[in-house]
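Worksheet: one structure, shown below.
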Amino acid sequence: MFKKLTIAAALVASAAAHATFQEMWVNGVDMGSACVRLPLSNSPVTDVTSDDLACNVNATASSGVCSVNPGDQVTVEMHQQPGDRSCATQAIGGDHYGPINIYMAKVADATTAVGYEQSWFKVDEMGLPSDNPDYWATEVLNDNCGHFTFTVPDTIEPGNYLIRAEVIALHVASSVGGAQFYMSCFQVNVGGSGSTLPSGVQFPGAYQATDPGILINIYQQLDTYAIPGPTPYAIASPAVASTPWPTTATWNTALQPSTVPTALPTSSGAGAAPPAQSPTTVAPTTVAPTTTAKPPTTTAAPPPSPTTSASGATQTQYIWEMGRAYQALYRHARQDSVLGKSPII
Ligand SMILES: *[C@@H]1O[C@H](CO)[C@@H](O)[C@H](O)[C@H]1NC(C)=O
Ligand SMILES: [Cu+2]
């Protein structure tokens, strides 16, 4: 058993890289995974013409619909392994550099809407926040324990929406089909009395395999980066700073929970009001990217000690980077058979 876990841990350590958006916060209140369509695995989608580009491969719809209002601060949270929210592990593996995009699509029913049939408008993006040295949105994500915060546009119509949170990893993007797309869709109901429905794009359709932000060699000094997809609605994309990006966390990682709520914080389900819990107890300090590389005003809190809960240990670990992972498995299996132990798969 110990051996098994050690090998699994080694595999995760060597192949750890891939990731999924798993949790959501609304104004600093943790919604956990109550409203996410969790992907089946943390493997990327690489075919920009696939229906899977909308909401990942056969992601299971959740029964939860999180309530948000125009102007709310929504945070999406990415991690490598299911249910592991530890800030001791990078949100997405270190060499998986690239942009973050957030889209929304108005739907009739967020629990049943088919992602690839929707019209998606972009509400936020971060590409290369600094080019001195090159610093990617995914590095900012890793600095902040996987959290990325955006604002729900304050004029949009009320109703059910899907939120599509996406990282595009560009570490092998210099050949066609090399870019890796990691997305999850979240189910929300927007309240308020807005009256705007921005025009959108479709997934698949919005991206071409040869877009300059998708077919790109990032192992060179970049001065600019063309974030794939349309211009965000209602916000200006931040300029690329020419000063070093502050790597200080702006999310208060000291308060990172180790558990993942899977039910809405209130019992009334879809369209429920946000819980009474004060957002200030969570003190989200993630800030929207600014047009200058102004250092964050908050001091980085030390990350909490890694969670070693049994639930985390017994959860199915995703296996990815199949080449490397398989080699490692094969090597371990051979060693184990030499030692008279059963292989781990
Ligand atoms: C996704 O669903 C389709 C249709 O049911 C199926 O053919 C395919 O094998 C599924 N893919 C995965 C990875 O489960
Ligand atoms: Cu990868």
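Letter by letter, the sequence shown follows residues -17 to -1, 1 to 328 of mature numbering (1 follows the signal peptide of the UniProt record, and there is no 0). C-beta: ideal position from N, C-alpha, C; glycine also. All figures in this text were calculated on a predicted structure; none of them were measured in a lab.
heavy atom of ligand 1 below 8 Å from residue i C-beta
| i | result |
| --- | --- |
| Val40 | yes |
| Leu198 | no |
| Leu23 | yes |
Closest by C-alpha distance to residue i, when choosing among the options
| i | options | result |
| --- | --- | --- |
| Gly110 | Pro195, Val90, Cys38 and Phe169 | Pro195 |
| Pro213 | Gln204, Gln185, Gln203 and Thr236 | Gln185 |
| Glu60 | Tyr99, Pro240, Ser46 and Pro141 | Pro240 |
| Val135 | Asp67, Gly177, Ala44 and His154 | Gly177 |
| Ile146 | Ala71, Asp117, His154 and Cys18 | Cys18 |
| Thr138 | His154, Val106, Ala148 and Ala224 | Val106 |
| Tyr165 | Ser220, Cys38 and Val90 | Cys38 |
| Pro22 | Thr236, Asp35 and Ala162 | Asp35 |
| Ser167 | Gly11, Pro27 and Val12 | Pro27 |
| Thr32 | Asn200, Asn172, Tyr118 and Tyr99 | Tyr99 |
| Thr179 | Thr58, Phe169, Ser24 and Glu140 | Glu140 |
| Phe133 | Gln5, Phe4 and Val9 | Val9 |
| Ala222 | Ala91, Ala120, Ala96 and Pro248 | Ala120 |
| Gln170 | Ala246, Ser24 and Asn25 | Ala246 |
| Phe104 | Phe4, Gln5, Ala91 and Ala148 | Ala148 |
| Pro248 | Phe4, Val51 and Asp13 | Asp13 |
| Val40 | Val51, Ser24 and Gly47 | Ser24 |
Heavy atom of ligand 2 within 8 Å of residue i beta-carbon
| i | result |
| --- | --- |
| Gly160 | no |
| Gly76 | yes |
| His154 | yes |
| Gln73 | no |
| His79 | yes |
| Pro27 | yes |
| Gln163 | yes |
| Ala(-1) | yes |
Those residues which DSSP pairs with residue i across a bridge
| i | result |
| --- | --- |
| Thr132 | Thr58 |
| Ser113 | Tyr118 and Ala224 |
| Gly196 | Its beta-bridge partners do not exist; DSSP assigns none. |
| Thr179 | Ile139 |
| Ile83 | Met109 and Val150 |
| Ser158 | BP columns for Ser158 are empty, so no partner. |
| Gln163 | Ala152 |
| residue 331 | In the structure as shown, the chain begins at -17 and stops at 328. Residue 331 is therefore absent and cannot be evaluated. |
| Ser50 | Asn172 |
| Val19 | Phe169 |
Residue i versus residue j - alpha carbon distance
| i | j | result |
| --- | --- | --- |
| Leu198 | Asp30 | 12 Å |
| Val270 | Glu122 | Note that Val270 scores 35 on pLDDT, short of 50, meaning its location in the model is unreliable and no value can be drawn from it. |
| Ile85 | Glu108 | 6 Å |
| Trp234 | Tyr190 | 31 Å |
| Ala(-1) | Gln64 | 9 Å |
| Ser292 | Thr72 | Summary for Ser292: the model assigns pLDDT 32, below 50, so the residue's position carries little reliability, and this model does not support an answer. |
| Ala219 | Gln56 | 17 Å |
| Lys89 | Tyr216 | 14 Å |
| Val173 | Gly188 | 26 Å |
| Ser225 | Thr58 | 27 Å |
| Arg307 | Pro181 | Interpretation of Arg307 is limited by its pLDDT of 33, a score under 50 that renders its predicted location unreliable; the figure taken from the coordinates is listed afterwards. In a straight line, the C-alpha of Arg307 is about 43 Å away from that of Pro181. |
| Asn143 | Thr94 | 9 Å |
| Ser45 | Asn115 | 41 Å |
| Ser102 | Asn127 | 30 Å |
| residue 364 | Ala162 | An answer regarding residue 364 cannot be provided, because it is not within the stretch -17 to 328 covered by the chain. |
| Leu205 | Ala156 | 14 Å |
| Thr207 | Ala42 | 34 Å |
| Thr231 | Asn125 | 10 Å |
| Ala91 | Leu238 | 36 Å |
| Val51 | Arg20 | 17 Å |
| Thr236 | Ala152 | 24 Å |
| Phe131 | Phe4 | 10 Å |
| Pro289 | Gly47 | Reliability of the predicted coordinates at Pro289 is poor, the pLDDT of 33 falling under 50, and the value obtained from them is presented with this limitation in mind. Those two C-alpha atoms are separated by around 28 Å. |
CB contact flag (residue i, residue j, <9 Å)
| i | j | result |
| --- | --- | --- |
| Gly175 | Pro53 | yes |
| Trp228 | Ser69 | no |
| His154 | His62 | no |
| Val159 | Pro82 | no |
| Gly66 | Ala2 | no |
| Gly15 | Val243 | yes |
| Met7 | Cys49 | yes |
| Gly129 | Ala192 | no |
| Asp117 | Ile201 | yes |
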